[in-house]
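Below is one structure, written out as structure tokens, with a few remarks after it.
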Amino acid sequence: MGTTEKLAAFVVNLKYDHLPPEAVVRLKRQCLDTIGVGLAAVTEATGRIINRYVERVGGAPECTLLGSNFKSSPAEAAFANGTLCHALDYDDVWYPTAHPTGVTLPATLAMAEAGRVSGRDLIIAQMAAYEIMGKLHMAITSGAGWHGTPIFGSFGATAGCCKLLNMDERALCMAWGIAASTTSGVAGQLGTMTKPLHSGNSARVGVMAASLAAGGFTSNQQIFDDPRGFFNAFYGSEGFDLTRVTFLLGNPFHLLSPGVGVKMYPSGYYMHHPFEAALQLVQQHEIRPRDVADVEVGIPRAGYFDRPVIQCGLEGKFSQQYHVAMAILDQKLEIESFSDKRALAPDVQEFLKKIKVRVDSSIPSARDLVYNPVTIRLTDGRNFTAKQDLPKSHWRYPLKREDWLEKFRNNAARALPDKRVERIIELVDKLEQLSDVRELTHELAGES
Numbered sequence: 426m427g428t429t430e431k432l433a434a435f436v437v438n439l440k441y442d443h444l445p446p447e448a449v450v451r452l453k454r455q456c457l458d459t460i461g462v463g464l465a466a467v468t469e470a471t472g473r474i475i476n477r478y479v480e481r482v483g484g485a486p487e488c489t490l491l492g493s494n495f496k497s498s499p500a501e502a503a504f505a506n507g508t509l510c511h512a513l514d515y516d517d518v519w520y521p522t523a524h525p526t527g528v529t530l531p532a533t534l535a536m537a538e539a540g541r542v543s544g545r546d547l548i549i550a551q552m553a554a555y556e557i558m559g560k561l562h563m564a565i566t567s568g569a570g571w572h573g574t575p576i577f578g579s580f581g582a583t584a585g586c587c588k589l590l591n592m593d594e595r596a597l598c599m600a601w602g603i604a605a606s607t608t609s610g611v612a613g614q615l616g617t618m619t620k621p622l623h624s625g626n627s628a629r630v631g632v633m634a635a636s637l638a639a640g641g642f643t644s645n646q647q648i649f650d651d652p653r654g655f656f657n658a659f660y661g662s663e664g665f666d667l668t669r670v671t672f673l674l675g676n677p678f679h680l681l682s683p684g685v686g687v688k689m690y691p692s693g694y695y696m697h698h699p700f701e702a703a704l705q706l707v708q709q710h711e712i713r714p715r716d717v718a719d720v721e722v723g724i725p726r727a728g729y730f731d732r733p734v735i736q737c738g739l740e741g742k743f744s745q746q747y748h749v750a751m752a753i754l755d756q757k758l759e760i761e762s763f764s765d766k767r768a769l770a771p772d773v774q775e776f777l778k779k780i781k782v783r784v785d786s787s788i789p790s791a792r793d794l795v796y797n798p799v800t801i802r803l804t805d806g807r808n809f810t811a812k813q814d815l816p817k818s819h820w821r822y823p824l825k826r827e828d829w830l831e832k833f834r835n836n837a838a839r840a841l842p843d844k845r846v847e848r849i850i851e852l853v854d855k856l857e858q859l860s861d862v863r864e865l866t867h868e869l870a871g872e873s
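As structure tokens, this is what we get:
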């Protein structure tokens, strides 16, 4: 039995009783968090453009668009909501580096809403989506310039949607073959609106691939094993190791180990290390911006995210220099920190000139171990250095329930009244008890 068939058998045979209780708790946390960041993006430029587009496209009014009174087809709802959930780069993160819920939940939730399925069935499908996305990504030994979230998210989303349609192993393999020829996402889109579009597109791919395969559409059933299939085409013969895919399939679930982190700042995860290090120095030594002579940020040999010039707020989300500037100037990172107004403000633009990066070969290049030492030199000659290798967004950080609930409330309140926000928390907390997920999706729509 090949890798494709083994993965399909796992998905088809997955049952609620197979899920550890702590995995269900974690899954519900991630779903609530992702719904919140999607709602927060409704009024952002990316969200407005995407929702206007979907409204023009139309589609059967079956599925809810987050924060909107407009409904569309499952595929278009997945596209819109998938883009919204990644628009702020505030959705969760795990290892290998990707954002698992924002690309998979919009697909499974749309399919579940259209199918009027139970909350328990949605949980099983979402767990299948997580496991397939995470374990397939583990095979990669060379990035090759692809954005992992949409590439592997499309296969996870497809698995979840197929599970909701009760498809057999052969049909699921067909669906993955379809997804392999329709997914994409290049890493060079960081700091643009097209990066979140990747998630929306792959969520839509999941719905489409599952629906086509359910209708009898054919593809290569061995797409993960065929020498001309997905892995060779995307990563080359030396860029992957299939033995890493099924070795720990479901034991443990990827959602639990390595785990998944709730992002506590709306920006690229690897910017959070230098931000927290700089913030620690500012607060510990009561450093004032006017007293800073210059700042040095250590980066690993790869030198990623060196972006000294910021021309818009989106670019700031993927600039280590910008994050250090925010720590020293504002001592906080919030959605407004990445507005064009703040990014282009004279004090920010001037302070960015003081920040330099330096390659430090002692920093581990492994992305789950990386850190960025920050040294702040003052005009009086003193200098201070700190590093942070376990920021609050890390998948191993022991985040408290009240912390991620506060994040959800703040985000959801941008689109919905407080009463609805609390109702959503209540419904997600008891998701496994819902007989019809439309009880939840009804609350995710905009105000009448």
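Residue numbers for the sequence shown follow this note's numbering, beginning at 426 and rising by one. C-beta atoms are modelled at their ideal positions from N, C-alpha and C, and glycine is treated no differently. All of these numbers come straight from a predicted model, not from anything done at the bench.
Among the options, which has the Cα closest to the Cα of residue i?
i      : options                        : result
Asp861 : Ala434, Ile548, Leu457         : Ile548
Ala791 : Ala503, Gly472, Asp546, Ser567 : Ser567
Thr619 : Arg821, Arg473, Ala512, Thr468 : Ala512
Pro714 : Thr804, Val799, Gly654         : Thr804
Asp719 : Arg807, Arg653, Asp785         : Arg807
Thr866 : Tyr515, Phe495, Glu430         : Phe495
Tyr515 : Phe665, Asp458, Pro771         : Asp458
Ala502 : Tyr478, Glu864, Asn591, Ser644 : Tyr478
Val488 : Arg481, Ile475, Asn506         : Reading the sequence as shown, one finds Cys at residue 488 and not Val. Comparing Cα-Cα distances from Cys488 to each of Arg481, Ile475, Asn506, the minimum goes to Asn506.
Leu852 : Val632, Ser543, Leu432, Pro486 : Ser543
Glu376 : Ala752, Pro486, Phe743         : Shown here, the chain extends from 426 to 873; a query on residue 376 therefore has no answer.
Phe435 : Ala605, Val670, Ala770         : Val670
Phe743 : Gln756, Pro691, Ala727         : Pro691
In three-state DSSP terms, what is residue i?
i      : result
Ala584 : helix
Asp719 : strand
Ile549 : helix
Thr471 : helix
Ser762 : helix
Lys496 : strand
Val749 : helix
Arg726 : coil
Asn591 : coil
Gly686 : strand
Cys737 : coil
Ile603 : helix
Trp829 : helix
Asn808 : strand
Arg839 : coil
Phe665 : strand
Leu883 : What is shown of the chain runs 426 to 873, which leaves residue 883 out entirely.
Thr489 : strand
For the beta strand (DSSP E) that residue i lies in, which residues bound it at each end?
i      : result
Ile780 : 780 to 784
Val542 : Counting along the chain, Val542 falls outside any beta strand (DSSP E), and DSSP gives it neither H nor E.
Arg451 : Taken as a continuous stretch (DSSP letters only), Arg451 belongs to no beta strand (DSSP E), being part of the alpha helix (DSSP H) at 446 to 465.
Leu794 : Note, Leu794: premise wrong, no beta strand (DSSP E); not H, not E.
Let's see if you can read the secondary structure: which residues bound the alpha helix (DSSP H) around residue i?
i      : result
Phe655 : 655 to 660
Asn626 : 619 to 639
Asn438 : 428 to 438
Thr866 : 863 to 869
Pro699 : 697 to 710
Gln774 : 771 to 777
For the ligand SAH, is there any heavy atom lying closer than 7 Å to the beta carbon of residue i?
i      : result
Tyr555 : With respect to the ligand SAH, the structure offers nothing, as it holds no ligand at all.
Could you tell me which residues DSSP pairs with residue i in its beta bridges?
i      : result
Phe743 : Phe743 is not bridged to any residue.
Trp571 : Val611
Ile565 : Phe665
Val518 : Gly686
Do we get a CB-CB distance below 8 Å when we pair residue i with the residues of chain B?
i      : result
Val449 : Looking for chain B here will not work: only one protein chain is present.
> Does the region 721 to 739 come close enough to the region 831 to 842 to have 3 or more Cβ pairs within less than 8 Å?
Replying inline: Contact between the region 721 to 739 and the region 831 to 842 is absent, because fewer than three Cβ pairs lie under 8 Å.
> Three or more C-beta pairs closer than 8 Å, one from the region 564 to 578 and one from the region 622 to 630: is that the case here?
Replying inline: yes
> So, do the region 464 to 474 and the region 593 to 612 have three or more beta carbon pairs nearer to each other than 8 Å?
Replying inline: no
> Does the region 603 to 616 touch the region 735 to 749, meaning 3 or more C-beta pairs lie closer than 8 Å?
Replying inline: yes
> Between the region 526 to 544 and the region 426 to 433, do three or more beta carbon pairs fall short of 8 Å?
Replying inline: no
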